[in-house]
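Residues 1 to 131 (UniProt numbering) are what the sequence shown spells out, left to right.
Accompanying notes for the structure given below.
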Amino acid sequence: MEKTFIMVKPDGVKRQLIGEIVSRFEKRGFLLTDAKMMTISRETAENHYGEHSDKPFFGELVDFITSGPVFAMIWEGENVVENARTMMGTTNPKDAAPGSIRGDYAVNVGQNIIHGSDSTESAEREIALFF
Ligand code: IDP
1 MEKTFIMVKP DGVKRQLIGE IVSRFEKRGF LLTDAKMMTI SRETAENHYG EHSDKPFFGE
61 LVDFITSGPV FAMIWEGENV VENARTMMGT TNPKDAAPGS IRGDYAVNVG QNIIHGSDST
121 ESAEREIALF F
């Protein structure tokens, strides 16, 4: 069965949105198979976001994701990678549809509440990195 890596980012944890996010995935019919609260090291953050290392916002992104605890999860189910991306909404919350997680709870691209793998290959890599 397909798996994906989902993470409530430090802003989502501070705003006490873990329960809301877990509930949306459970109600959609996905299965939570592992989860942990953790603070990410800079090394893990730089590895996780390696594809953005040449972007102007990279430093800010690493600072933010290591700024407080995150809630890391593995979810399982049919087409869970693509379905999770739809449930999350677009990267920039200003374009995210109402009803999506980012569309309902975020306004700023730097603090957009949630991460979800963008492909099955990324999911495999990210699950190995975090679990
Ligand atoms: P994704 O999280 O929707 O997969 P990516 O393009 O992989 O989006 O970007 C990773 C994260 O980097 C985003 O979730 C967002 O928090 C942050 N990010 C993307 N673009 C910008 C930007 O222009 N300024 C600040 N942060 C950004």
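In this text, a Cβ means the ideal position worked out from N, Cα and C, and glycines have one as well.
Source: prediction; values computed, not measured.
Please tell me whether, using a cut-off of 6 angstroms, the distance from the CB of residue 8 to the nearest non-hydrogen atom of the ligand IDP is below it.
no
CA-CA distance, residue 57 and residue 80?
28 angstroms
Per DSSP, which residues does residue 116 bridge with? Please list them.
According to DSSP, residue 116 bridges with 6.
On the DSSP letters alone, give me the boundaries of the beta strand (DSSP E) that residue 36 sits inside.
31-38
Proximity to residue 30 [Cα-Cα], best of 5, 94, 46
5
If you count every other CB in all the chains shown that lies within 10 Å of the CB of residue 11, and 16 or more means buried, which is it?
buried
Is the beta carbon of residue 36 sitting closer than 7 angstroms to the one on residue 72?
yes
Suppose you measure from the CA of residue 91 to the CA of residue 112; what does that come to, to the nearest Å?
7 angstroms
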